[in-house]
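This report concerns only the one structure given below.
Put into structure tokens, the structure is as follows:
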């Protein structure tokens, strides 16, 4: 089993990776020799896919990392719904799908960055626990040619119905159709 120190290092590397990707994308946009308008469709209505890494922690001493795959539908420019399947741990131990969740998402569809909030619930299949996961995130469009490709980072609360509270952080790639 990884030590709490090892898990904190994993969490720090995950967070630094997401921040470095966002910084590189923003730097590329601001240092471009000709003005390029990042016009991934400002939160277009339709289907999108998410994939990424997640980190849950109760006290920042012990962390639980994992990965997820999500499918969402942007109902209007401001409102969307999403379903996610997740696996806890960066391994293939246990069931392939260890958690299923859904969210209601409210967005501000700006041209460059799209901040959003979400109210989500997740059911952990292996310990049979419901979790509430409200939070906020930001979505960044990459290039004009790849209009539907976006990066996102998010954070929020992670609480189960038995009274255990913690935090949830995640980031990844979003593909809009």
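Residue numbers (the numbering used here): 51 to 227. Here a beta-carbon is modelled for each residue, glycine too, at the ideal position from N, C-alpha and C. Since the structure is predicted, the reported quantities are computational estimates derived from the model, not experimental observations.
Scanning its chain for C-beta atoms nearer than 6 angstroms, with the 5 sequence neighbours on each side dropped, one finds around residue 207 the residues 184, in chain order. Here residue 146 is not near residue 167, since their CB atoms are 9 angstroms or more apart.
DSSP, read as helix, strand or coil, puts residue 207 in strand. For residue 132, the uninterrupted beta strand (DSSP E) run begins and ends at 129-138, by DSSP. Judged by beta-carbon spacing, residue 102 lies beyond the 9 angstroms limit of residue 227, meaning their Cβ atoms are not closer than that value.
Take the alpha-carbon of residue 109 and the one of residue 124: they are about 34 angstroms apart. Here residue 107 carries a strand assignment [DSSP, helix/strand/coil]. Classified as buried, residue 100 has 16 or more neighbouring CB atoms from the shown chains inside 10 Å of its CB.
DSSP places residue 142 in the coil class of the three-state scheme, outside both helix and strand.
Look at residue 176 here: in three-state DSSP terms it is coil, with no helix or strand label.
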